[in-house]
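Q: With the working numbering as the guide, the letters of the sequence shown map in order to residues 1 to 344.
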Amino acid sequence: MLRRFTLIFLLVAFVSCDSAPEGYLKFSGKLENNKDSVMTLLGYRGFSKSIPINADGSFSDTIKVKFPGIYSMQTNKNNRAPIFLDNGYNLKLKGNSEEFITSFKYSGKGSQNSNYLVSQVKFGRSIPNPQILNNMEEDAFKAKLESIKKGYDSILDSYKDLDTTLVSNTRNQTKELVYFLNGLYERNRKVGIGGKSPKFENYVNYKGGKTSLDDFKGSFVYIDVWATWCGPCIQQIPYLKKIEKEFRNKKIAFVSISTDEPRKSGGSWEAAEKKWRNFVKAKNLGGVQLWSGKDFSFQQAYQINGIPRFILVDDQGNIRAYNAPRPSDPALKVLLNSVGLKDK
């Protein structure tokens, strides 16, 4: 009899060790190829919880959250993933730090919610950049938008017993995404190929004076909208210099419009202009270097939501490409060689 009770006691003790105390959740797992020593969970109203990661990538901790919902799990500034937490859960994670999020597989109580979030992220990464969507023909765009909606709905339908709040929020977010992409497409259609280009007027010229788009009538204009703080913009500089050199004997102006403003330039418009001027000088930038200052009407007219953005305007002031290829893209040379550029 004593032996029997001892066995029962050991079984109860084993179960207790693998679950969290009442009112808490347990989160454990292992990350292969991990190089970080701490995992941090961030969430509502300043919630923050640090979990030590062992040398072999394993971790385990008990946590108490004030609210059930989506939290952010991160091991460094580049590795972040959504995770759904609620007290009473017993989450176990297996994954690879070199394939953060996409390699994640959760098990245990409450795991379906976090696995669903992983599937959402994977599908979201397959959606084309809005700039690519905006260049589609209308029928192709509508078909793509419908496939995006069906894709998210299919993922939702494939998971059972999801948290009701998570389901509700997901349906709303899908509707908002479709609405946003459709609205962006419609706004960009108003700035269509062949129509008159929106104009910029009296932008500060690095070499002195003010410059407007109308100053380039009779010449094609390849416009680069950029900023000194933009890494992808800076990466295009060597390629742009090469294109400028290759087409130097053609009637095409290469115009770079800096959108530098106070928030990222020292807190004043004077500092923003100075930063732009110093950068142009330090990098020995060619072409026509302009600064838009406080006037963002040109960017707004072209619905520019991210930089760099490249635009091609023909010698009559009409739009040839409202989202032209980048200088690093071989498609740019193909485009410029196809529009009938005249010799100077």
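Here a beta-carbon is modelled for each residue, glycine too, at the ideal position from N, C-alpha and C. Predicted model, so just to flag it, every value in this text is computed and none were measured.
Quick test of the definition: if touching needs 3 or more C-beta pairs under 8 Å, does the stretch 42-58 touch the stretch 109-120?
A: The stretch 42-58, when compared against the stretch 109-120, does not touch it at the 8 Å Cβ threshold.
Q: Kindly indicate which three-state DSSP category glycine 95 falls into: helix, strand or coil?
A: Taking the first residue of the sequence shown as position 1, residue 95 is located at position 95. Glycine 95 falls in the strand class under three-state DSSP.
Q: If you count every other CB in all the chains shown that lies within 10 Å of the CB of isoleucine 311, and 16 or more means buried, which is it?
A: Along the sequence shown, read from residue 1 onward, the residue named residue 311 stands at position 311. Buried: at least 16 other Cβ atoms inside 10 Å.
Q: Given a cut-off of 8 Å on the beta-carbon distance, is the pair isoleucine 83 and leucine 31 in contact?
A: Your numbering for residue 83 matches position 83 in the sequence shown. Your numbering for residue 31 matches position 31 in the sequence shown. No. Outside cutoff.
Q: Check the DSSP bridge columns for serine 58 and list the partner residues they point to.
A: Start at 1 with the first residue of the sequence shown, and residue 58 comes out as number 58. Its beta-bridge partners are Lys30.
Q: Please report how far the alpha carbon of lysine 342 lies from the alpha carbon of lysine 217, in whole angstroms.
A: Indexing the sequence shown from 1 puts residue 342 at position 342. Indexing the sequence shown from 1 puts residue 217 at position 217. Cα-Cα distance, rounded: 13 Å.
Q: If contacts are defined as beta-carbon pairs under 8 Å, then tyrosine 24 and isoleucine 51 qualify, I think. What distance do you get, rounded to the angstrom?
A: Counting from 1 along the sequence shown, the entry for residue 24 is found at position 24. Counting from 1 along the sequence shown, the entry for residue 51 is found at position 51. In fact, because the Cβ distance is near 13 Å, the residues do not count as touching under 8 Å.
Q: Helix or strand or just coil, what does DSSP make of alanine 140?
A: On the sequence shown, residue 140 is found 140 positions in, with the first residue counted as 1. Alanine 140: helix per DSSP, three-state reduction.
Q: From glutamate 163 to valine 121, what distance separates their C-alpha atoms?
A: Here the question's residue 163 lines up with position 163 in the sequence shown. Here the question's residue 121 lines up with position 121 in the sequence shown. First, the amino acid is wrong: residue 163 is aspartate here, not glutamate. Rounded to the nearest angstrom, the two C-alpha atoms are 18 Å apart.
Q: Counting only the same chain and skipping the five closest in sequence on each side, list residues whose C-beta sits under 6 Å from that of glutamine 74.
A: Taking the sequence shown and counting its residues from 1, the one referred to as residue 74 is at position 74. Cβ neighbours of glutamine 74 beyond the five flanking positions: Thr40 and Arg80.
Q: Taking 8 Å as the cut-off, decide whether the C-beta atoms of valine 339 and arginine 320 are in contact.
A: To locate residue 339, count along the sequence shown from 1; it is residue 339. To locate residue 320, count along the sequence shown from 1; it is residue 320. Going by C-beta atoms, valine 339 is nearer than 8 Å to arginine 320.
Q: Along the alpha helix (DSSP H) that carries alanine 324, what are the first and last residues, could you check?
A: Residue numbering aside, residue 324 sits at position 324 when the sequence shown is read from its first letter. From DSSP, alanine 324 is part of no alpha helix (DSSP H); its letter is neither H nor E.
Q: Below 8 Å, can you find three or more Cβ-Cβ pairs linking the stretch 203-213 to the stretch 288-301?
A: These segments touch.
Q: Starting from tryptophan 291, trace the beta strand (DSSP E) both ways and give me its first and last residue.
A: Within the sequence shown, the letter at position 291 stands for residue 291. 288-291 is the span of the beta strand (DSSP E), which, as asked, contains tryptophan 291.
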